[in-house]
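Per the working numbering: the sequence shown ends with 667, consecutive numbering throughout. Beta carbons are placed, not taken as given, at the ideal position from N, Cα and C, and that holds for glycine. Remember, predicted model here, so these are calculated numbers, not experimental data. Have a look at the structure below, then the notes.
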Amino acid sequence: FAKWWLLGRAYLWHPVSRTVFPERLLEDDKLPPIDVFICTADPEKEPTIGVMNTVLSAMALDYPADKLHVYLSDDGGSPITLHGMREACRFAKWWIPFCRRYQIKTICPQAYFSEAYSDDYFGDSEFMVEKKKIKEKYEMFEEHVTKAVEDGEYGNSQNHSTIIETIRQADLVEMPLLVYVSREKRPEHLHHFKAGALNVLLRVSGVISNSPYILGLDCDMYCNDPTSARQAMCFHLDPKISSSLAFVQFPQKFHNINKYDIYDGRFRSAYCVQWQGMDGLKGPVLSGTGYYIKRESLYGDFTHTDIDILELKDTFGKSNVLINSLHQSYKRNNANGENFSSVLRQETEVLASCSYEHQTKWGEEASIKHTNLYIVGILYQSVSEDLFTGFILHCKGWTSTYLTPFRPQFLGTSTTNLNDLLIQGTRWGSGLTDVGLSRFCPLLYGPSRMSLLQSMCYGELSFFPLLYCLPLWCLATLPQLCLLNGISLYPEVSSPFFTVFSFIFISAICKHLQEVIPLERIWMIKSVTAHFYGSMDAILKLLGLRKASFLPTNKVLDKEQVKRYEMGQFDFQTSSMFLVPMVSLMILNMAALLCGFIRIIAVGNWDKLFPQLLLSLYILIINFAIVEGMIVRKDKGRISPSAILLSSVFFMIFLFFGSIILM
5 FAKWWLLGRA
15 YLWHPVSRTV
25 FPERLLEDDK
35 LPPIDVFICT
45 ADPEKEPTIG
55 VMNTVLSAMA
65 LDYPADKLHV
75 YLSDDGGSPI
85 TLHGMREACR
95 FAKWWIPFCR
105 RYQIKTICPQ
115 AYFSEAYSDD
125 YFGDSEFMVE
135 KKKIKEKYEM
145 FEEHVTKAVE
155 DGEYGNSQNH
165 STIIETIRQA
175 DLVEMPLLVY
185 VSREKRPEHL
195 HHFKAGALNV
205 LLRVSGVISN
215 SPYILGLDCD
225 MYCNDPTSAR
235 QAMCFHLDPK
245 ISSSLAFVQF
255 PQKFHNINKY
265 DIYDGRFRSA
275 YCVQWQGMDG
285 LKGPVLSGTG
295 YYIKRESLYG
305 DFTHTDIDIL
315 ELKDTFGKSN
325 VLINSLHQSY
335 KRNNANGENF
345 SSVLRQETEV
355 LASCSYEHQT
365 KWGEEASIKH
375 TNLYIVGILY
385 QSVSEDLFTG
395 FILHCKGWTS
405 TYLTPFRPQF
415 LGTSTTNLND
425 LLIQGTRWGS
435 GLTDVGLSRF
445 CPLLYGPSRM
455 SLLQSMCYGE
465 LSFFPLLYCL
475 PLWCLATLPQ
485 LCLLNGISLY
495 PEVSSPFFTV
505 FSFIFISAIC
515 KHLQEVIPLE
525 RIWMIKSVTA
535 HFYGSMDAIL
545 KLLGLRKASF
555 LPTNKVLDKE
565 QVKRYEMGQF
575 DFQTSSMFLV
585 PMVSLMILNM
595 AALLCGFIRI
605 IAVGNWDKLF
615 PQLLLSLYIL
625 IINFAIVEGM
635 IVRKDKGRIS
645 PSAILLSSVF
655 FMIFLFFGSI
665 ILM
């Protein structure tokens, strides 16, 4: 805990807040083109209608239509998703002109038509007629997509061929380019999860639109403000910082957070403290979604250099078209016109094949003399590809900025049940620990390549699953086992050292009370489950005993779970793997509190055992929601009797061996 606290001080050294003035930007015809990358992997966990709303919101950004290109990566290879894209394109011919004509701010149609929205043109009868017409078109679009989901087949997400399709309407004039990309996947080939999908999009977009800037979005993270691209360009086009600026990061915010926020969906510490603190150093972490990144930072600039073509092919692969696209003088292909020939279509299918990256440098560090090439695409070292790629970019001299406007630029769907939260946390914990335990450990690899404070920030992020779970497990078990066996750990109440100990303990509690007790509770729950399993997963991968895995977060909302979430109740319908550690620790602390209280009355040594008794009481108070789920609640979201029984057995085994060791 002391190491974690020390590393965390780096965030507080030089926090920065920024603002922008988009009205000072260049004229529209001088703005640079932007490619939008949206990734989806499983239509069962990521509802197609939600994904299409994200696509539509990206198409409706306040940016010149001929300079905006939207790519959807469908790693599930689902016909349902492709059908949804075609339906979205049909609806877009109504939605985009409506948004631009009336300067609509909520450009996600699902959000716009579902919220109590205050329209600037409320008194305009023509506007109200137009809005009603567009709403009817949207309901028809939603009905078509929903029917396709009900009647269609999901396809084989792990074994399918490449499908690339440019989707367009003949009667559309000002319409962003829309491209569906489903890369080839075979069970015998590594596909590197989201990082692999993004690198396929980099290659395919490189030979179609080749825009110098890229907006990365998760499939549920829709654009909530049409001006985000212009705000990001305020930094990217600033001559004082543009040459070294890799990306502009916006915070992740969510539309379905309730007032209780029992699962800490707002990520307060990350987006309100840590990212602003890093922005005062070399810039925030690349956060997986809501970022505008410079293409050049991901695979160099070869405009003014003469490089051996064989060296480029060894690095980027055998595609001559892709090699040509590395030079910014390369003429972009108009995929809406005749230039998108069958030859180019075949070329994109080759670039999206599962064997293209063999014997290349994609997903790795690389260097070519006399160029600014440092990495080739998104890096594959960790399933937390965003943090690792951002870290290496910062090590190579690139910077980033963090912008958090009053109006959220992007809104996603937060987890509303404990199961999804802990599965997501386990994946993140594993990916972060991967980086910390690798040869790229920020505390060893970073200091010679970036400031010590920046290295400390990355060190805290990559090690926090370990730095949380191990000491918290000790704190939640060892004092209690000692209390049950009558062993004193802390200074006696009559000792002068007890005053110092009490001051530190109470100060820490007051700090956490200031940050709201629910955050302390979810921190404890995640530390003994998700962070613990994530850390163990990373260690097993390091030892070669386990292969990397990636489970998409479930975005499907269950009505009963949402109802419990809105009431501020935990939903304990999760696996025993997560429940047993939590419940066992609660049983241990209840037993320690009861036995400790009896021992104090019987023996009278309260001055020796009082601190341990107080610690058990504190843990039970903070985690009363778990105790309530065990004893009080009778609804479906309670902790099941079988999980309590299994936890009781685990507690007895743990108590038996723990007592033997202490004796």
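Own chain, CB closer than 8 Å to Leu422, minus 5 neighbours either side, in chain order:
Taking the sequence shown and counting its residues from 1, the one referred to as residue 422 is at position 418. Non-local C-beta neighbours of Leu422 in its own chain, meaning closer than 8 Å and more than five positions away in sequence, comprise Tyr267, Ile529, Phe574, Asp575, Phe576, Gln577, Thr578, Phe582, ordered along the chain.
DSSP on Asp33, reduced to helix/strand/coil?
Here residue 33 refers to the residue found at position 29 when the sequence shown is read from its first residue. Three-state DSSP puts Asp33 in a helix.
Among the candidates Val504, Met282, Trp9, whose CA atom is the shortest distance from the CA of Phe395?
Position 391 of the sequence shown, counted from the start, is the residue given in the question as residue 395. The option with the nearest alpha carbon to Phe395 is Met282.
DSSP three-state label for Ile171, please.
Against the sequence shown, residue 171 aligns to sequence position 167. The answer is strand: DSSP assigns Ile171 an E or B state.
Extent of the continuous beta strand (DSSP E) run through Gln253:
Numbered from its first residue, the sequence shown carries residue 253 at position 249. Per DSSP, the unbroken beta strand (DSSP E) holding Gln253 starts and ends at 249-253.
Please work out which residues of its chain come closer than 8 Å, Cβ to Cβ, to Gly341, disregarding the five sequence neighbours upstream and downstream, and give them in chain order.
Your numbering for residue 341 matches position 337 in the sequence shown. Low local confidence applies: a pLDDT of 46 at Gly341 is under 50, so the model's placement there is unreliable, with the coordinate-based value given in what follows. None.
Compute the beta-carbon to beta-carbon distance between Ala115 and His259, rounded to the nearest angstrom, for a pair I have assumed lies under 8 Å.
Locating residue 115 in the sequence shown gives position 111, where the first residue counts as 1. Locating residue 259 in the sequence shown gives position 255, where the first residue counts as 1. Taking the Cβ atoms as the reference, Ala115 lies roughly 7 Å from His259, within the contact range of under 8 Å.
Any idea what DSSP makes of Cys43, helix, strand or coil?
Here residue 43 refers to the residue found at position 39 when the sequence shown is read from its first residue. The answer is strand: DSSP assigns Cys43 an E or B state.
Glu147 burial status per 10 Å Cβ neighbour count (16 or more: buried):
Translated into the one-based positions of the sequence shown, residue 147 becomes position 143. By the beta-carbon neighbour count (other beta carbons within 10 angstroms, threshold 16), Glu147 is exposed.
Leu249: which of Gly401, Gly156, Ala96 sits nearest, CA to CA?
Counting from one through the sequence shown, the residue named residue 249 turns up at place 245. Minimum Cα distance to Leu249 is reached at Gly401.
Would you list the one or two residues that DSSP bridges to Asp310?
The residue labelled residue 310 in the question sits at position 306 within the sequence shown. Bridge partners of Asp310: none, in fact.
What is the DSSP secondary structure of Asp222, reduced to helix, strand or coil?
Here residue 222 corresponds to residue number 218 of the sequence shown, with the count starting at 1. Reduced to three states, the DSSP call for Asp222 is strand.
Could you tell me the distance, in whole angstroms, from the CA atom of Ser499 to the CA atom of Asp611?
In the sequence shown, counting from the first residue as 1, residue 499 sits at position 495. In the sequence shown, counting from the first residue as 1, residue 611 sits at position 607. Our two residues, Ser499 and Asp611, have alpha carbons roughly 9 Å apart in a direct line.
Please report the straight-line C-alpha distance between Glu27 and Phe254, rounded to a whole angstrom.
Taking the sequence shown and counting its residues from 1, the one referred to as residue 27 is at position 23. Taking the sequence shown and counting its residues from 1, the one referred to as residue 254 is at position 250. Glu27 and Phe254 have their alpha carbons spaced roughly 19 Å apart.
Is Tyr264 helix, strand or coil by DSSP?
Here residue 264 corresponds to residue number 260 of the sequence shown, with the count starting at 1. It is coil, neither helix nor strand.
Beta-carbon proximity list for Thr44, same chain, < 8 Å, skipping 5 on both sides
By one-based count along the sequence shown, residue 44 stands at place 40. If we look at Thr44 and ignore the five residues flanking it on each side, its Cβ neighbours are Glu50, Val55, Leu76, Ser77, Asp78, Asp79, Gly80, Thr85, Cys223.
Contained beta strand (DSSP E) runs [length at least 3] in the region 61-120, N- to C-terminal order:
Qualifying beta strand (DSSP E) stretches, in chain order: 72-78.
Collapsed DSSP secondary structure at Gly608 in the structure displayed:
For the purposes of this step, residue 608 is taken as the residue at position 604 of the sequence shown. It is coil, neither helix nor strand.
Comparing alpha-carbon positions, which option in Arg642, Ile602, Asn593 lies nearest Ile623?
Start at 1 with the first residue of the sequence shown, and residue 623 comes out as number 619. Looking from the CA of Ile623, the closest CA among Arg642, Ile602, Asn593 belongs to Asn593.
Answer yes or no: do Ser466 and Gly440 have a C-beta to C-beta separation smaller than 8 Å?
The residue you call residue 466 lines up with position 462 of the sequence shown. The residue you call residue 440 lines up with position 436 of the sequence shown. Note that the C-beta distance between Ser466 and Gly440 is below 8 Å.
Residue from Ser301, Glu178, Ser186 with nearest C-alpha to Ser165:
Along the sequence shown, read from residue 1 onward, the residue named residue 165 stands at position 161. With distances taken between CA atoms, Ser165 lies nearest to Ser186 out of Ser301, Glu178, Ser186.
Going by beta carbon distance, what residues of the same chain come within less than 8 Å of Cys238, once the five residues before and after it are set aside?
Here residue 238 refers to the residue found at position 234 when the sequence shown is read from its first residue. Here Cys238 has Val24, Phe25, Pro26, Arg28, Leu29 as same chain residues with Cβ atoms under 8 Å from its own Cβ, once five neighbours each way along the sequence are excluded.
Would you call Leu487 buried or exposed, if buried means 16 or more other Cβ atoms sit within 10 Å of its Cβ?
Here residue 487 is taken as the residue at index 483 of the sequence shown, counted from 1. That one is buried.
If I follow the unbroken alpha helix (DSSP H) through Val653, where does it start and stop?
Taking the sequence shown and counting its residues from 1, the one referred to as residue 653 is at position 649. Note, Val653: alpha helix (DSSP H), 645-666.
Could you work out which residue in Gly321, Asn376, Val325 is closest to Gln363 when comparing CA atoms only?
Start at 1 with the first residue of the sequence shown, and residue 363 comes out as number 359. That would be Gly321, whose Cα lies nearest to the Cα of Gln363.
If you count every other CB in all the chains shown that lies within 10 Å of the CB of Ile590, and 16 or more means buried, which is it?
Stepping through the sequence shown from its first residue, residue 590 is reached at position 586. According to the sequence displayed, residue 590 carries Met and not Ile. So Met590 counts as buried.
Buried or exposed for Tyr296, please, with buried defined as at least 16 other CB atoms from any protein chain shown within 10 angstroms of its CB.
Position 292 of the sequence shown, counted from the first residue, corresponds to residue 296. Buried, since its Cβ has 16 or more Cβ neighbours within 10 Å.
With 16 as the cutoff for other CB atoms within 10 Å, does Ala96 come out buried or exposed?
The residue you call residue 96 lines up with position 92 of the sequence shown. Classification of Ala96: buried, given that the 10 Å Cβ count is 16 or more.
Determine which residues share a DSSP beta bridge with Phe258 and list them.
As a first step, residue 258 is located in the sequence shown; it is residue number 254 there, counting from the start. Paired residue(s): Gly416.
Between which residues of its own chain and Pro585 is the CB-CB distance below 6 Å, once the five residues before and five after are set aside?
Start at 1 with the first residue of the sequence shown, and residue 585 comes out as number 581. The residues are Val532, Thr533.
Please report the straight-line C-alpha distance between Ser61 and Val74, rounded to a whole angstrom.
Position 57 of the sequence shown holds residue 61. Position 70 of the sequence shown holds residue 74. The C-alpha of Val74 is placed about 10 Å away from the C-alpha of Ser61.
What three-state label does DSSP hand Ser165 in the structure shown?
On the sequence shown, position 161 is the one that residue 165 refers to. Three-state result, Ser165: coil.
Flag this pair as touching only if the region 453-461 and the region 277-293 have three or more C-beta atom pairs under 8 Å; answer yes or no.
They touch, by the three-pair rule.
To the nearest angstrom, how far is it from the Cα of Asn343 to the Cα of Arg349?
Taking the first residue of the sequence shown as 1, we reach residue 343 at position 339. Taking the first residue of the sequence shown as 1, we reach residue 349 at position 345. Reliability of the predicted coordinates at Asn343 is poor, the pLDDT of 48 falling under 50, and no value is obtained from them.
For the structure I just gave you, are there three or more beta carbon pairs, one from the region 193-213 and one from the region 229-246, closer than 8 Å?
No, the region 193-213 is not in contact with the region 229-246.
Tell me which residues share the same chain as Glu389 and place their Cβ nearer than 7 Å to its Cβ, disregarding the 5 neighbours each side in the sequence.
Start at 1 with the first residue of the sequence shown, and residue 389 comes out as number 385. The answer, listed in chain order, is Lys198, Ala199, Ile382, Leu383.
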